[in-house]
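Visitor: Below: one structure in structure tokens.
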Amino acid sequence: MAGTRRRIVVDTDGGVDDLVALAWLLCLPEVDVPAVIATGGARTVDVVGAAVTHVLKTLAPVRRPLLLRGAEVTPARRTSVPSGVHLHGEYGLGTLVPPCGPEFGGGMDDEALPPHTDYLVLGPCTTAARIASQGGHRPGEAWLTVMGGAFSLPGVVQGAEPNFARDPHAARLLLTNPPGKGVRIVPTDVTTQARCPDTAVRYALAGGEGWLRLRAQLLAYYWSAGSARYCHDLVAAAVAVCPGMVTAEVAAAVTVDENGRSSMTAAAGSAVRVVHGLHEARWRAVARGWASNREMAAC
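Numbered by the numbering used here, the letters in the sequence shown go through residues 2 to 300 in order.
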């Protein structure tokens, strides 16, 4: 990636792995995060914004991104899909309560979205689909990377992956008419295989001062629900930063039913790509670098 600088807008509905992935991106020297969009998915926009604000204040990045108010899923969809409180806590911060409210710098109606080369969706596609329907994402310039969908493995919400299940209509719109350069889907088929190696887990849970202490608290809660050390959104963020990490992907026509269940058919020339495999050694190196908080290039 020498000589390039990715400008990645991060669209999140909060939660531990979302916030951990966001913080990692903010620490990478070859990445600029000009904006973070709080989308109301598992939690309301204001709750998501408060959690992101707390992380930004704790991390204190050199370049603080603009925090934008995104769209909300419908109340019916929010209540129909489990919030994952056992993984993320009520506010997306484990056992913690945000000490302050959200500090938004604008909303999607303000045309405040800065120029970007990539748009990373870590929650439901609600805001991304709305922006795309309005001609956003700077057509021809930006890649969208979406953490979502389940294909070879069934999702955990009646066969659907939670992000797609929270707004099936938005996922369907985005994948039927992909904006920009196209959409790369990182499904749970891949993120459940790319677990954090033991050395990375030990580093991450060791804590430290400031953000490292908060990160350890968040991950201790998140990982306490099971033996597997998943970090789904970190995997998707790594793919956005290091697309060369992908060893197998398929250009496909993707369908999403009314419950969020996804299926795909290979379609040459499609602007939608579904990731099927990652370079294991490169992923493990990224995970170790993230966990040890080394100031290093991601790839």
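Where a beta carbon is used, it is the ideal one built from N, C-alpha and C, also for glycine.
1. By a C-beta neighbour count over all protein chains shown, 10 Å radius and 16 as the cutoff for buried, is Glu91 buried or exposed?
2. What are the boundary residues of the beta strand (DSSP E) that includes Tyr120?
3. Assuming contact is defined by CB atoms lying nearer than 8 Å, are Ala130 and Gly181 in contact in what I supplied?
4. What's the C-alpha gap between Arg285 and Gln194?
5. Rounded C-beta distance between Trp291 and Leu213? I'm assuming under 8 Å.
6. Going along the chain, which residues of its own chain have a beta-carbon closer than 7 Å to the beta-carbon of Leu57, five neighbours each way excluded?
7. Determine contact between the region 253–268 and the region 209–226, defined as no fewer than three beta-carbon pairs at a distance below 8 Å.
8. DSSP three-state label for Thr177, please.
9. Identify whether His89 lies in helix, strand or coil by the three-state DSSP scheme.
10. Since Gly41 and Ala72 are thought to touch, with beta carbons under 8 Å apart, how far apart are those beta carbons, to the nearest angstrom?
11. By how many angstroms is the C-alpha of Thr59 removed from the C-alpha of Leu69?
12. Should Val247 be labelled buried (16 or more other beta-carbon atoms within 10 Å of its own) or exposed?
13. Between the region 5–22 and the region 114–129, are three or more C-beta pairs nearer than 8 Å?
14. Return helix, strand or coil for Ser263, following the three-state DSSP convention.
15. Per DSSP, which one or two residues make a beta bridge with Glu250?
16. Smallest Cα separation from Gly102: which of Ala267, Leu29, Ala161 and His55?
17. Considering only the alpha carbon of each residue, which of Pro62, Asn164 and Ala249 lies closest to Cys126?
18. Starting from Val11, follow the beta strand (DSSP E) in both directions and report where the run begins and ends.
19. Spatial neighbours of Leu154 within its chain, please: C-beta separation below 6 Å, excluding the five flanking residues on both sides.
20. Under three-state DSSP, which class holds Gly303?
21. Closest to Arg289 by CA distance: which of Gly106, Ala77, Ala201 and Gln159 is it?
22. Using the Cα positions of Arg44 and His280, report the straight-line distance between them to the nearest angstrom.
23. Determine the closest residue to Val39 out of His170, Cys28 and Met109, with distance taken between C-alpha atoms.
24. Note the first and the last residue of the continuous alpha helix (DSSP H) segment covering Thr40.
25. Put Gly156 into one of helix, strand or coil per three-state DSSP.
26. Pick helix, strand or coil for Thr146, following the three-state DSSP scheme.
27. In this structure, does DSSP put Ala61 in helix, strand or coil?
28. Whole angstroms is fine: what's the gap from Leu123's alpha carbon to Val242's?
29. With distances taken between CB atoms, is the gap from Val17 to Tyr204 smaller than 8 Å?
30. Return the chain-ordered list of same chain residues with a C-beta closer than 6 Å to the C-beta of Leu20, the five sequence neighbours on each side being excluded.
31. Output needed for Val251: all residues of its chain with C-beta closer than 8 Å, excluding positions within five of it in sequence on either side, in chain order.
32. Sort out for me which residues DSSP pairs Thr256 with in a bridge.
Guide: By the coordinates alone:
1. Translated into the one-based positions of the sequence shown, residue 91 becomes position 90. Around the CB of Glu91, fewer than 16 other CB atoms lie within 10 Å, so the residue is classed as exposed.
2. Walking along the sequence shown from the start, residue 120 turns up at place 119. Start and end: Asp119 to Val122.
3. Counting from 1 along the sequence shown, the entry for residue 130 is found at position 129. Counting from 1 along the sequence shown, the entry for residue 181 is found at position 180. In this structure, Gly181 does not lie closer than 8 Å to Ala130 by Cβ.
4. As a working note, residue 285 is residue 284 in the sequence shown. As a working note, residue 194 is residue 193 in the sequence shown. The alpha-carbon atoms of Arg285 and Gln194 are separated by roughly 12 Å.
5. In the sequence shown, the residue the question calls residue 291 occupies position 290. In the sequence shown, the residue the question calls residue 213 occupies position 212. Wrong, their Cβ atoms sit about 12 Å apart, outside the cutoff.
6. Counting from 1 along the sequence shown, the entry for residue 57 is found at position 56. A distance below 7 Å between beta-carbons, with the five flanking residues on each side excluded, links Leu57 to the following residues of its chain, in chain order: Arg65.
7. Too few Cβ pairs lie closer than 8 Å, so no.
8. Stepping through the sequence shown from its first residue, residue 177 is reached at position 176. Note: Thr177 maps to helix in three-state DSSP.
9. Locating residue 89 in the sequence shown gives position 88, counting from the first residue. Annotated three-state conformation of His89 is helix, per DSSP.
10. Numbered from its first residue, the sequence shown carries residue 41 at position 40. Numbered from its first residue, the sequence shown carries residue 72 at position 71. With 8 Å as the limit, Gly41 and Ala72 qualify as a contact, their Cβ atoms being about 7 Å apart.
11. For this step, residue 69 is matched to residue 68 along the sequence shown. For this step, residue 59 is matched to residue 58 along the sequence shown. Roughly 19 Å between the two C-alpha positions.
12. Numbered from its first residue, the sequence shown carries residue 247 at position 246. It counts as buried.
13. Touching, yes.
14. Along the sequence shown, read from residue 1 onward, the residue named residue 263 stands at position 262. Here Ser263 sits in strand by DSSP.
15. In the sequence shown, the residue the question calls residue 250 occupies position 249. Listed as beta-bridge partners of Glu250 by DSSP are Val276.
16. For the purposes of this step, residue 102 is identified with residue 101 of the sequence shown, where counting begins at 1. That would be His55, whose Cα lies nearest to the Cα of Gly102.
17. Looking up residue 126 in the sequence shown gives position 125. Looking at the Cα atoms, Asn164 is the closest of the given residues.
18. Sequence index remark: in the sequence shown, residue 11 carries index 10 (1-based). Looking at the DSSP string, the run of the beta strand (DSSP E) that includes Val11 is Arg7 to Thr13.
19. Numbered from 1 along the sequence shown, position 153 holds the residue referred to as residue 154. Answer for Leu154: Asp190, listed in chain order.
20. Because residue 303 is not part of the residues shown, which for the chain are 2 to 300, the question remains open.
21. Position 288 of the sequence shown holds residue 289. A check of alpha carbon separations from Arg289 across Gly106, Ala77, Ala201 and Gln159 identifies Ala201 as the nearest.
22. For the purposes of this step, residue 44 is taken as residue 43 along the sequence shown, with counting starting at 1. For the purposes of this step, residue 280 is taken as residue 279 along the sequence shown, with counting starting at 1. Taken atom to atom, the span from the alpha-carbon of Arg44 to that of His280 is near 33 Å.
23. If you number the sequence shown from 1, residue 39 lands on position 38. Checking the displayed sequence, the identity of residue 39 turns out to be Ala instead of Val. The option with the nearest alpha carbon to Ala39 is Met109.
24. As a working mapping, residue 40 is identified with position 39 in the sequence shown. Counting along the chain, Thr40 falls outside any alpha helix (DSSP H), though it belongs to the beta strand (DSSP E) covering Ala36 to Gly41.
25. The residue you call residue 156 lines up with position 155 of the sequence shown. The answer is strand: DSSP assigns Gly156 an E or B state.
26. Mapped onto the sequence shown, residue 146 falls at position 145. Thr146: strand per DSSP, three-state reduction.
27. In the sequence shown, counting from the first residue as 1, residue 61 sits at position 60. Collapsing the DSSP output to three states places Ala61 in coil.
28. Counting from 1 along the sequence shown, the entry for residue 123 is found at position 122. Counting from 1 along the sequence shown, the entry for residue 242 is found at position 241. Inter-residue distance for Leu123 and Val242 is about 14 Å (C-alpha atoms, whole angstroms).
29. For the purposes of this step, residue 17 is identified with residue 16 of the sequence shown, where counting begins at 1. For the purposes of this step, residue 204 is identified with residue 203 of the sequence shown, where counting begins at 1. Val17 places its beta carbon 8 Å or farther from that of Tyr204.
30. In the sequence shown, counting from the first residue as 1, residue 20 sits at position 19. Closer than 6 Å at the Cβ level, and outside the excluded window around Leu20, lie Val56.
31. Walking along the sequence shown from the start, residue 251 turns up at place 250. Same-chain partners within the cutoff: Met265, Ala267, Arg274, Val275 and His277.
32. Taking the first residue of the sequence shown as position 1, residue 256 is located at position 255. Its beta-bridge partners are Ser264.
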